[in-house]
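Trainee:
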Amino acid sequence: TFRRSEIDEDLWEEVEEALIGADVGVESTMDITAHLRKAVKTEGIKDASDLWDLLGQEVSRRISGSATEILNQEGKVFYLVVGVNGTGKTTSVAKIARKLSLSGNKVLLAAGDTYRAAAIEQLKIWGERLGVDVIAHQRDANPSAVLFDAIAAAKAREVDTLIADTSGRLHTYENLMGELEKMRRVAERELDGYADLKVLLVIDATTGQNGLIQAKQFAAAVEVDAIILTKLDGTAKGGIVISICDQMDIPIAFTGVGEGMDDLEPFDPALFAEALIG
Amino acid sequence: ILSDRLQQTFKRLKGHGKVTEAHLDEAMKELRLALLEADVNFKVVKQFTSKVKERALGAEVMKSLTPAQQIIKVVREELEALMGGQAAPLSLSPSPPTVMMVVGLQGAGKTTTCAKLAAHYKKQGKRTSVIAADMQRPAAVEQLKQLGSDWDFEVYSGSEDPVTIAKNGLEHAKSHGHAVVIIDTAGRLHIDDELMSELENMRALKPHHVLLVVDAMTGQESVNLAVAFDERVGLDGVILTKMDGDARGGAALSIAQVTGKPIRYVSAGEKPDSLDIFHPDRMAQRILG
Ligand SMILES: Nc1nc2c(ncn2[C@@H]2O[C@H](COP(=O)(O)OP(=O)(O)OP(=O)(O)O)[C@@H](O)[C@H]2O)c(=O)[nH]1
Ligand SMILES: Nc1nc2c(ncn2[C@@H]2O[C@H](COP(=O)(O)OP(=O)(O)OP(=O)(O)O)[C@@H](O)[C@H]2O)c(=O)[nH]1
Ligand SMILES: [Mg+2]
Ligand SMILES: [Mg+2]
């Protein structure tokens, strides 16, 4: 809630700072405050607490959740989990596997990060903890080859969900984005209709304005179906997703709220908006 | 980019007339937007722009025929002064081993940075080990062992709690004549009281350098996290990672402003040679876009 009770220029500054401080970014902040100023005029709002509610609604209407689609999986699905380095992809793969296997899905994992030290071992440990198999090659193997084998195994075992971890990559590397594009093409070809292919982009809530560029670049390379916003158990608010949803219409599927296998929550726009404005 | 925006602002406002304080205020608005877009914390932006305006009210800008350029000059100077003035590598202790403790949020790049530092000192002919004190992340110790094998440095590991492992690792380094020992710690939230206390206990082992590793794409929370780590653990320096991305890196300015601690290194890649001394002038240029 606001510190002040009347709607004056100081309050508008407070609104701006709440949004900017939450990494909403200049453009979206200006857009939101413009909408609010108009609403205050046309609806004759006098009370700051009413403005507060309006702010929450304005934020909430700009973002959408898609957890139900994933959790109520109908056909078979192949998830390709992507994103820049260190955002929480491998841990999120484990968390999603956890949710889906708890609800009765037969899950298989693919250790698609064949580059980073101990990436394969890290995913294998999660597989053991989850009771889920992991298809892996050796370090420095071709990641597309891992996907090839994982999809073949998924078909042979009639798996419901195959989740592929990939190595962290900065979108500034054309060759790495090219490698990701190739992985998607290989997966589509090998799946051959066996399962829907969905790309999940993992974004760290501590990320500032670069998060929007990440979403644009990854979407351009492999098309992104939904976002997983991690590390919301910290103090960062993840406001950059407002710009992402606004400009690119990509829903948020889940939020990561810790380092354990159960620390994944379905994205709720209203709760997120409430937490964001503080 | 900012210099163009300022040129436009002055052209539009003053035409061929004198520069007024009102014009300066408009210019400071442009500066504020540019810094916020670069992820500089909004409170730091407030302080910074008022400092720039204060200097800009002097003759160098007000009497200049090219006020936009003069303001950019002032901005650059203030940015560079804030972020450390000159580049300086970490000092090594006259009585080895020099102990470095590396801390930060989850996924910032600590383990990789520890490995790069180790490779760097090894290349200088200094016997170096890294203590694998992250007992929480799956395969964290294995990650360091593989990096140690890839990049040729020793890894000390154990099965006790992190502080005991660090203590034992330091004794091992001393008795084996290591010149440099680097402690890799588990990523943690600055609001996790228990894990921050663990770091305080590790700090009691008296490292020469406590380095905060920060992801260059960090947004507004850079201030809160840096202040928390500095207040609880005490920082000697900061290392900015993933600078090979295109994040503007405003977190560097935010952290420099609120902690006063120097940024020592910049990491720009995943290979051992991608650790460079921090250059304030290059960072200023990057933040200004
Ligand atoms: N607090 C918190 N930590 C998280 C969360 N998600 C992941 N982490 C931690 O963030 C760190 C990085 O997670 P990873 O899963 O290895 O990230 P990644 O994207 O796979 O990293 P790379 O493969 O190296 O690019 C680990 O220490 C995780 O435990 C979260 O929601 N909250
Ligand atoms: N492109 C790029 N990647 C980096 C850089 N520094 C680290 N990384 C990558 O970032 C990811 C995370 O690095 P880690 O060293 O595992 O991070 P960490 O801080 O030890 O993570 P936790 O121990 O889980 O907290 C890995 O994929 C690294 O290879 C860098 O400067 N540039
Ligand atoms: Mg990973
Ligand atoms: Mg680590």
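Residue numbers (the numbering used here), protein chains in the order written: chain A, 1 to 278; chain B, 279 to 567.
Beta carbons are placed, not taken as given, at the ideal position from N, Cα and C, and that holds for glycine.
When every heavy atom of ligand 4 is checked, does at least one fall within less than 7 Å of the C-beta of residue 418/B?
Mentor: yes
Trainee: So the alpha helix (DSSP H) residue 434/B belongs to, where does it begin and stop?
Mentor: Here residue 434/B belongs to no alpha helix (DSSP H); instead the beta strand (DSSP E) covers 432 to 434.
Trainee: Can you pull the chain B residues whose beta carbon is under 7 Å from the beta carbon of residue 21/A, in chain order?
Mentor: 320 and 498
Trainee: Exposed or buried, residue 269/A, counting other C-beta atoms within 10 Å across all chains shown (16 or more means buried)?
Mentor: Buried.
Trainee: Between the alpha carbons of residue 369/B and residue 515/B, how many angstroms are there, rounded?
Mentor: Their backbone Cα atoms lie some 11 Å apart in a straight line.
Trainee: Restricting to runs no shorter than 3 residues, where is the beta strand (DSSP E) found entirely within the segment 377 to 463 of chain B?
Mentor: 406 to 410, 432 to 434 and 458 to 462
Trainee: Quick one: what's residue 44/A bridged to in DSSP?
Mentor: Note: residue 44/A sits in no beta bridge, so no partner.
Trainee: If you measure between the beta carbons of residue 397/B and residue 430/B, is that distance less than 8 Å?
Mentor: yes
Trainee: By Cβ distance below 6 Å, which residues in the same chain neighbour residue 395/B in space, the five residues on each side in sequence not counted?
Mentor: 460
Trainee: Roughly how many angstroms lie between the CA atoms of residue 500/B and residue 154/A, to the nearest whole one?
Mentor: 42 Å
Trainee: Give the DSSP-derived three-state secondary structure of residue 489/B in the structure shown.
Mentor: strand
Trainee: Less than 7 Å between the CB of residue 412/B and some heavy atom of ligand 2, yes or no?
Mentor: yes
Trainee: In chain order, what are the residue ranges of uninterrupted beta strand (DSSP E) at least 3 long that sit wholly in the segment 102 to 143 of chain A?
Mentor: Entirely contained in the segment 102 to 143 of chain A, the beta strand (DSSP E) runs reaching 3 residues are, in chain order, 107 to 112 and 133 to 135.
Trainee: Residue 416/B touches chain A at which residues, Cβ-Cβ below 7 Å?
Mentor: 122, 125 and 126
Trainee: With distances taken from each beta carbon to the nearest heavy atom of ligand 3, which residues come in below 7 Å, in chain order?
Mentor: This selection yields 89/A, 90/A, 113/A, 116/A, 119/A, 122/A, 165/A, 167/A and 168/A.
Trainee: Tell me, to the nearest whole angstrom, how far the beta carbon of residue 228/A is from that of residue 241/A; I am working on the premise that it is less than 8 Å.
Mentor: Between the beta-carbon of residue 228/A and that of residue 241/A there is about 10 Å, and that puts the pair past the 8 Å contact cut.
Trainee: What residue range does the alpha helix (DSSP H) around residue 211/A cover?
Mentor: 210 to 222
Trainee: Could you compute how far the alpha carbon of residue 84/A sits from the alpha carbon of residue 453/B?
Mentor: 40 Å
Trainee: Quick one, which of 447/B, 523/B and 388/B has its alpha-carbon nearest residue 490/B's?
Mentor: 388/B
Trainee: From residue 31/A to residue 277/A, what does the alpha carbon distance come to, in whole angstroms?
Mentor: 16 Å
Trainee: According to DSSP, which residues form a beta bridge with residue 266/A?
Mentor: 254/A
Trainee: Of all Cβ atoms in chain A, is any one closer than 8 Å to the Cβ of residue 307/B?
Mentor: no
Trainee: Taking Cβ-Cβ distances below 9 Å as the criterion, which residues of the segment 153 to 174 of chain A are in contact with chain B?
Mentor: 168, 170, 171, 172 and 173
Trainee: Using beta-carbon positions only, say whether residue 547/B and residue 465/B come within less than 8 Å of one another.
Mentor: no
Trainee: Assign residue 545/B to one of three DSSP states: helix, strand, or coil.
Mentor: Strand, per DSSP.
Trainee: Can you list the residues of chain B that residue 53/A reaches, using a CB-CB cut of under 8 Å?
Mentor: The contacting residues do not exist; residue 53/A stays about 24 Å from chain B at best.
Trainee: Would you please verify whether the beta carbon of residue 502/B is less than 8 Å from any beta carbon of chain A?
Mentor: yes
Trainee: Whose C-beta lies closer than 6 Å to the C-beta of residue 20/A among residues of the same chain, with five residues either side of it excluded?
Mentor: Within the same chain, residue 20/A has close Cβ partners 29.
Trainee: Going by DSSP in three states, residue 80/A sits in which element: helix, strand or coil?
Mentor: strand
Trainee: Between the Cα of residue 557/B and those of 551/B, 542/B and 566/B, spot the shortest distance and give me the residue it belongs to.
Mentor: 542/B
Trainee: Once you ignore the five residues that flank residue 73/A on each side, which residues in its own chain have a CB closer than 6 Å to its CB?
Mentor: none
Trainee: Counting pairs of beta carbons, one from the segment 284 to 291 of chain B and one from the segment 339 to 357 of chain B, are three or more of them closer than 8 Å?
Mentor: Flag = yes, the segment 284 to 291 of chain B and the segment 339 to 357 of chain B touch.
Trainee: Using a Cβ-Cβ cut-off of less than 7 Å, list which residues of the segment 191 to 217 of chain A approach chain B; keep chain order.
Mentor: 204, 206, 207, 208, 209, 210 and 213
Trainee: With distance defined between alpha-carbon atoms, name the residue in 108/A, 191/A and 169/A nearest to residue 221/A.
Mentor: 169/A
Trainee: Give the DSSP bridge partners of residue 198/A, in chain order.
Mentor: 79/A
Trainee: Along chain B, in chain order, which residues have C-beta atoms closer than 8 Å to that of residue 33/A?
Mentor: The contacting residues do not exist; residue 33/A stays about 14 Å from chain B at best.
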